[in-house]
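A.B. asks: Pasting in a structure now, in structure tokens, and then I'll have a few things to ask.
Chains as they are written, first to last, in my numbering: chain A, 1 to 647; chain B, 648 to 905.
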């Protein structure tokens, strides 16, 4: 199996364990196993060999037995492998004939597994208790409706998820079109007239790019979203020709070998380390120490060296205090540090970082740049993809700017010209529309909000500024009722919202979370907006105007998942624009966006403000707050420490 | 919802049960499972429930087990209803409906009690294994049991992502609530959440598989199983194994030989 497929199955089994756990609270759901839907999905998406399907079934069985309160663990170890193999057999038979193949294979696999479980259980029951055959048979018959209802739910789950998932997970092959040149490949890293087109894409992501990176160079790559920065990172590290589907013209060579001459990514990994932007997807183990240690252990170093190097990595990445923490108990910034530490443990001559510091604060970023600079002094090459490059000047030795798949600048680092026209603003008002009065909120281990009072006015942009854990997100969740205060009250236009439900409050207060992907789920932009309209009972309204307002007019029928990150953020904004709430809360509205996209989002928000709406912007970026907000409310450790502006 | 407890997670601790080798704890869970299967005597089963709870109490893991009791009560009631509806043996105690329909018999009640006690032994002992064992030790035990490295890795990723998915699910649910979405409660409400909550949750997570796969390859984790750490056994491991073996042997003797 490919590593990607192992990861995919693992994630689905985790989802299955949760679904099973939740379903247990339905009385009688003792054999109604929703895990089956998820390992069936895994098999449908991966289409493994029969032996592998059996293995997937065994792992699912172990998870059911150990983690999900099985009433008879031994039964799961037999029934889940049978379910998995049946699912694969049925899916192979029907997949080319109908789009309902996921539903059909799950529909057959669920009773196959369920009845196996019942038979095993009844068999044991019959031989170990003084029950009669009649009782056991009656017991088994009574379980049939439960198995059938589980089958129904599983079929719905499998079919609803399988269709869009197949398009997300499309399996592709790389086609290499150019023969290697006769000249020996360069002994550093070089791209030679490289053009790369992703499968199903019309224009190349990289267009005739040539480039050579020498030992000891610190290269920073910038450019707008969609310019090909990430593809360039994948090309430089050599993984492009191994792990991504598409057409390659031209050559990539690393350390005396062409990239496609490396057997696989594992062989490449002796030369190249990569850190990606999604830190969560780079943590595989359940503790920080395990993550870094395993990377060291697989290098076959003497044991004493492993320990020494581990301590050194803890020190340089400031992760020593996190050793026993699990990934889900780390903040975004800490996750990025750990992912970097794990990549550093390989000590590769080339390290490629793709937006790998986006969630670190300014000081931490500077620390990382210092660390990388120190590595270049020892002969390592560093390639850093960043859309905010100003902070890297002084560290990087070379800057490459990309646009539309081409290199448009390659030379000494220089600051970006970010001259966007100032946005016009109408005069602010002092009319209070939303007010938090002495609110206190306690989480089990921490006082998240400590007697916080603040008012928001009609027609203003108020920025709530603070570091991670300062309580800013907890505060805004109180403003739309997601959290209720332990003490104090929230007043919406003078009225306490304590007795009002979230859907009711949502008609007046809109909240857009940091990552647009936490809300987008429909298959066209238009439908995504209609979902919100329907919720507030205005399904007759048209989504066109709000799409146009954010500059997505031509993309009404497009799948949100095929939009760029910046466009998805705009779509999220269009959703609250359409539903027309007077108060709109944006959590980190510009994270992951380039300066131009950030400006466009802020332009729309300022327009909304000028129409008399109240915009609350939660951010940890003082520059953004200073540039666009009427008032800045600073928070620290659950308290408001300062309110600036608005006098 | 946002303060929902982590499900099925290791709870850090340093008492007796935590320090046992993972293999010992697996033997404990499997041994108790067989002991519970081999007997249907409610007194013996009740004794085993008390033994598992006492064992957990010595190890400082009593509270999380007790939290499973509501679930057991639901299971037990479901079993009583099932057996009452399907089996009639022994004396009739009373009938559910006044016209003599659905007689509740001693046999049915006995059967339900036996099954509920048996499930209590199984669920408590496996729960004890999960909450007192670091996932990495569990994976190490899988290596020791000769489970191929790829499948151990799959298991590891599943455990790793259970709490992450749980948190992400809460976040997505909050995001949709903020858009005025109200699915209602109960089973129908859960089913209605499939689209707006489950779909983005699964698609976002599946989109991570590419990066996860690359990370596994780039850090050489496929070879991790060749570097499994040696499991260490102490005197307490021996004592535990002997006690469980004695219980198992005792049950076998009582059931099959006496």
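Idealized CB from N, CA, C, for every residue including glycine.
Remember, predicted model here, so these are calculated numbers, not experimental data.
Taking Cβ-Cβ distances below 7 angstroms as the criterion, which residues of the stretch 851 to 876 of chain B are in contact with chain A?
C.D. replies: From the stretch 851 to 876 of chain B, only 851, 852, 853, 854, 855, 856, 857, 858, 859, 860, 861, 862, 863, 864, 865, 866, 867, 868, 869, 870, 871 and 874 have a Cβ closer than 7 angstroms to chain A.
A.B. asks: Roughly how many whole angstroms lie between the Cα atoms of residue 10/A and residue 671/B?
C.D. replies: Whole-angstrom Cα-Cα distance: 26 angstroms.
A.B. asks: Just checking: is the beta-carbon of residue 742/B within a distance shorter than 8 angstroms of some beta-carbon in chain A?
C.D. replies: It does not: the Cβ of residue 742/B has no partner Cβ on chain A nearer than 8 angstroms.
A.B. asks: Under a three-way DSSP split, which group does residue 91/A fall into?
C.D. replies: Helix, per DSSP.
A.B. asks: Contact defined as beta carbons within less than 8 angstroms: I believe residue 860/B pairs with residue 2/A. What is the distance between those atoms, to the nearest angstrom?
C.D. replies: The pair is a contact, with the Cβ atoms about 6 angstroms apart (cut-off 8 angstroms).
A.B. asks: Assuming residue 405/A contacts residue 205/A under a Cβ cut-off of 8 angstroms, what Cβ separation, rounded to an integer in Å, is found between them?
C.D. replies: 6 angstroms between Cβ atoms; contact.
A.B. asks: Using alpha carbons as the reference points, say which of 212/A, 265/A and 488/A lies closest to residue 858/B.
C.D. replies: Looking at the Cα atoms, 265/A is the closest of the given residues.
A.B. asks: Between the C-alpha atoms of residue 277/A and residue 337/A, what's the straight-line distance to the nearest angstrom?
C.D. replies: Each residue's Cα considered, the two are about 11 angstroms apart.
A.B. asks: Would you call the stretch 509 to 525 of chain A and the stretch 579 to 593 of chain A in contact, with 3 or more CB pairs under 8 angstroms?
C.D. replies: Result yes; three or more Cβ-Cβ pairs closer than 8 angstroms.
A.B. asks: Flag residue 58/A as yes if its beta-carbon sits less than 8 angstroms from any beta-carbon of chain B, otherwise no.
C.D. replies: Output row for residue 58/A: interface = yes.
A.B. asks: Say whether chain A places a C-beta atom closer than 8 angstroms to the C-beta of residue 649/B.
C.D. replies: Any answer about residue 649/B is weak, because its pLDDT of 36 lies below 50 and its placement is not dependable; what the coordinates show is given next. It does; some Cβ of chain A falls within 8 angstroms.
A.B. asks: For the ligand NAD, I want to know if residue 561/A counts as a neighbour, meaning its beta carbon is within less than 7 angstroms of at least one of the ligand's heavy atoms.
C.D. replies: You won't find the ligand NAD in this model; it holds no ligand whatsoever.
A.B. asks: In terms of residues, what are the limits of the alpha helix (DSSP H) holding residue 234/A?
C.D. replies: It spans 229 to 236 - the alpha helix (DSSP H) in which residue 234/A sits, taken as one unbroken run.
A.B. asks: What in chain B is Cβ-close to residue 113/A, meaning under 8 angstroms?
C.D. replies: None at all; the shortest Cβ gap to chain B is about 18 angstroms.
A.B. asks: My understanding is that residue 771/B touches residue 699/B, with C-beta atoms under 8 angstroms, so please give their C-beta distance in whole angstroms.
C.D. replies: Confirmed, about 5 angstroms.
A.B. asks: Identify, in the order they occur along the chain, each residue of the same chain with its Cβ nearer than 6 angstroms to the Cβ of residue 759/B, setting aside the five sequence neighbours on each side.
C.D. replies: Here the set comprises 726, 727 and 730.
A.B. asks: Within 8 angstroms of any Cβ in chain B, is that where the Cβ of residue 608/A sits?
C.D. replies: Cβ-Cβ to chain B under 8 angstroms: no for residue 608/A.
A.B. asks: So what's residue 202/A in DSSP terms, helix, strand or just coil?
C.D. replies: Coil.
A.B. asks: Below 8 angstroms CB to CB, which residues in the same chain sit around residue 423/A once its five sequence neighbours on both sides are set aside?
C.D. replies: Counting only Cβ-Cβ distances below 8 angstroms, and skipping sequence neighbours, we find 602, 603, 606 and 628.
A.B. asks: Give me the Cβ distance between residue 6/A and residue 864/B, rounded to the nearest whole Å; I'm assuming they're in contact under 8 angstroms.
C.D. replies: About 10 angstroms; that fails the 8 angstroms criterion.
A.B. asks: Only counting the same chain, and skipping five residues up and downstream in sequence, which positions put a Cβ closer than 7 angstroms to that of residue 519/A?
C.D. replies: Correct list, in chain order: 513 and 572.
A.B. asks: Use the C-beta contact count for residue 532/A: other C-beta atoms within 10 angstroms, 16 or more gives buried, fewer gives exposed.
C.D. replies: Residue 532/A is buried by the Cβ-count criterion.
A.B. asks: For residue 783/B, return the contacting residues in chain C, with the cut-off set at a CB-CB distance below 8 angstroms.
C.D. replies: Checking the listed chains, one finds no chain C in this structure; the protein chains it contains are A and B.
A.B. asks: In the DSSP assignment, find the unbroken alpha helix (DSSP H) run with residue 115/A in it and report its ends.
C.D. replies: Taken as a continuous stretch (DSSP letters only), the alpha helix (DSSP H) holding residue 115/A covers 101 to 128.
A.B. asks: Look up residue 511/A in the DSSP assignment and say whether it is helix, strand or coil.
C.D. replies: Residue state, collapsed to three classes: strand.
A.B. asks: Comparing the C-beta of residue 648/A with each C-beta of chain B, is any distance below 8 angstroms?
C.D. replies: Given that chain A is displayed from residue 1 to residue 647, the structure contains no residue 648/A and the question cannot be resolved.
A.B. asks: Tell me whether residue 717/B sits in a helix, a strand or coil according to DSSP, three-state version.
C.D. replies: Here residue 717/B sits in helix by DSSP.
A.B. asks: At least one CB of chain B closer than 8 angstroms to the CB of residue 487/A: is that the case?
C.D. replies: Not closer than 8 angstroms to any Cβ of chain B, the Cβ of residue 487/A fails to qualify, so no.
A.B. asks: Could you pull out every residue in the same chain whose Cβ sits closer than 6 angstroms to the Cβ of residue 320/A, ignoring the five residues on either side in sequence?
C.D. replies: Once the five neighbours on either side are set aside, the close Cβ partners of residue 320/A are 314.
A.B. asks: What would DSSP say about residue 69/A, mapped onto helix, strand or coil?
C.D. replies: Residue 69/A: coil per DSSP, three-state reduction.
A.B. asks: Closer than 8 angstroms, CB to CB, is residue 8/A near chain B or not?
C.D. replies: Yes, residue 8/A lies at the interface with chain B (some Cβ there is under 8 angstroms from its Cβ).
A.B. asks: Name, in chain order, the residues that DSSP records as bridge partners for residue 487/A.
C.D. replies: 440/A, per the DSSP bridge assignment.
A.B. asks: If we call anything under 8 angstroms between Cβ atoms a contact, is residue 42/A one with residue 809/B?
C.D. replies: Taking 8 angstroms as the Cβ cut-off, residue 42/A and residue 809/B do not qualify as a contacting pair.
A.B. asks: Measuring straight from C-alpha to C-alpha, what distance separates residue 340/A and residue 312/A?
C.D. replies: Approximately 14 angstroms, taken between the alpha carbons.
A.B. asks: Determine the DSSP secondary structure at residue 460/A, reduced to helix, strand or coil.
C.D. replies: In the structure shown, residue 460/A sits in a strand (DSSP, three-state: E or B).
A.B. asks: Within 10 angstroms of its Cβ, does residue 85/A collect 16 or more other Cβ (buried), or is it exposed?
C.D. replies: Buried, by the Cβ-count rule.
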